[in-house]
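Undergrad: Supplied in structure tokens, the structure appears directly below.
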Amino acid sequence: MQRYFVAKEQMTNQEVKVTGEDVKHISRVMRMDVGDEIICSNNGSRTVRCVISAVEDQKITANIIEDLIPNTELPIEVTIAQGLPKGDKLDLIIQKGTELGATAFIPFSASRSIVKWDQKKAGKKIERLEKIAKEAAEQSYRERIPAVHNIHSLAELKKQMALFDSVILAYEEVAKEGEQAQFAATLKTLSQGQKVLVIIGPEGGLTGEEVEQLSLAGALACGFGPRILRTETAAMYALAALSYHFELMR
């Protein structure tokens, strides 16, 4: 069954009003009409099954049949801070990271980031990434769309670290040295409802100076297994491990 996100004010006790691009998707792409059922979430605490009662050019109205409890959100809130990668890798990271349960994404400019965002075009890029997150959240039956924050500098990222219960820093150099215990040990210290920040460098990784700064600010440098991962793989590895630990093992 097709799923759509709506603003909280578009969902009342009895009905849901769908607007924007989703109207075209429902009526023209999916060719749905009055009597067809859809699932809607208010991007917060409520997900409902409803039946379409009216189809208009700019709005679709649906009557709520029942409230659902999808239980598809990770028990902890995981934010991925991703050093700007090349090409369309950030698209992939956000799409797959959303499917794996990330709460938010923070793109940041690292010393070895080859890509440099034009501030004038950054807004449009964030909008496109938000759309990718929304579509991935609908596909994976998420109850919430992950937030995609504006690009951060390293200094701005360090300030954000104080908002989290734990900060995990993916660092390939400790992986090369055989360190494999810190990540697992850190997961054992976390509990349901806490907030975790996972910091991942761009291609080429973070510099020694960046690692030192982040470590002094409270980040825990961890190896992600014995193999060296590409930047677009690291976030998926971390989220999969967190899902296994907090969902499949409990």
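Counting in the numbering used here, the sequence shown runs from 1 upward without gaps. For each residue, glycine too, the CB sits at the ideal point set by N, CA and C. Predicted model only: the values in this text are computed from it and were never measured.
Could you check which residue in L239, K125, C40 and I106 has the C-alpha nearest to that of P202?
TA: Closest by alpha carbon: I106.
Undergrad: Decide yes or no for the touch test of the segment 189 to 208 against the segment 82 to 96: beta carbon pairs closer than 8 angstroms, at least 3 of them.
TA: Yes, since at least three Cβ pairs between the segment 189 to 208 and the segment 82 to 96 fall closer than 8 angstroms, the two stretches touch.
Undergrad: To the nearest angstrom, how far is it from the Cα of K120 to the Cα of V34?
TA: In a straight line, the C-alpha of K120 is about 43 angstroms away from that of V34.
Undergrad: Buried or exposed: where does M11 fall if 16 or more other Cβ atoms within 10 Å of its Cβ makes it buried?
TA: With 16 or more Cβ atoms within 10 Å of its Cβ, M11 is classed as buried.
Undergrad: Give the secondary structure of R250 by DSSP, where H, G and I count as helix, E and B as strand, and everything else as coil.
TA: Coil.
Undergrad: Do V29 and A62 count as a contact pair if the criterion is CB distance below 8 angstroms?
TA: Their beta carbons are not under 8 angstroms apart, which means A62 does not touch V29 by this criterion.
Undergrad: For the 8 angstroms Cβ check, are there 3 or more pairs between the segment 133 to 148 and the segment 95 to 102?
TA: These segments touch.
Undergrad: On the premise that V6 lies in contact with V18, defined as a C-beta separation below 8 angstroms, what is that separation, rounded to the nearest angstrom?
TA: Correct: roughly 6 angstroms between the Cβ atoms.
Undergrad: Just to confirm, is the Cβ distance from F224 to A170 under 8 angstroms?
TA: Yes; because the gap between Cβ atoms is below 8 angstroms, this pair is in contact.
Undergrad: Count the C-beta pairs between the segment 65 to 82 and the segment 45 to 57 that are closer than 8 angstroms, then say yes if the count reaches three, no if not.
TA: Result yes; three or more Cβ-Cβ pairs closer than 8 angstroms.
Undergrad: Compare the C-alpha of Q160 against each of A217, S111, A136 and E172 and name the closest.
TA: Checked all of A217, S111, A136 and E172; the closest Cα to Q160 is A217.
Undergrad: What residues are listed by DSSP as bridge partners for L190?
TA: Answer is none; L190 lacks a bridge partner.
Undergrad: Where does T231 land, buried or exposed, given buried means 16+ other C-beta within 10 angstroms?
TA: Counting Cβ neighbours within 10 Å, T231 comes out buried, since at least 16 surround it.
Undergrad: Name the one or two DSSP bridge partners that G83 has.
TA: Paired residue(s): F108.
Undergrad: Once DSSP output is grouped into helix, strand and coil, what is the label at T207?
TA: In the structure shown, T207 sits in coil (DSSP, three-state: anything other than H, G, I, E or B).
Undergrad: Using the rule of at least 16 other Cβ atoms within 10 Å of the residue's Cβ for burial, across every protein chain shown, is L163 buried or exposed?
TA: Under this definition L163 is an exposed residue.
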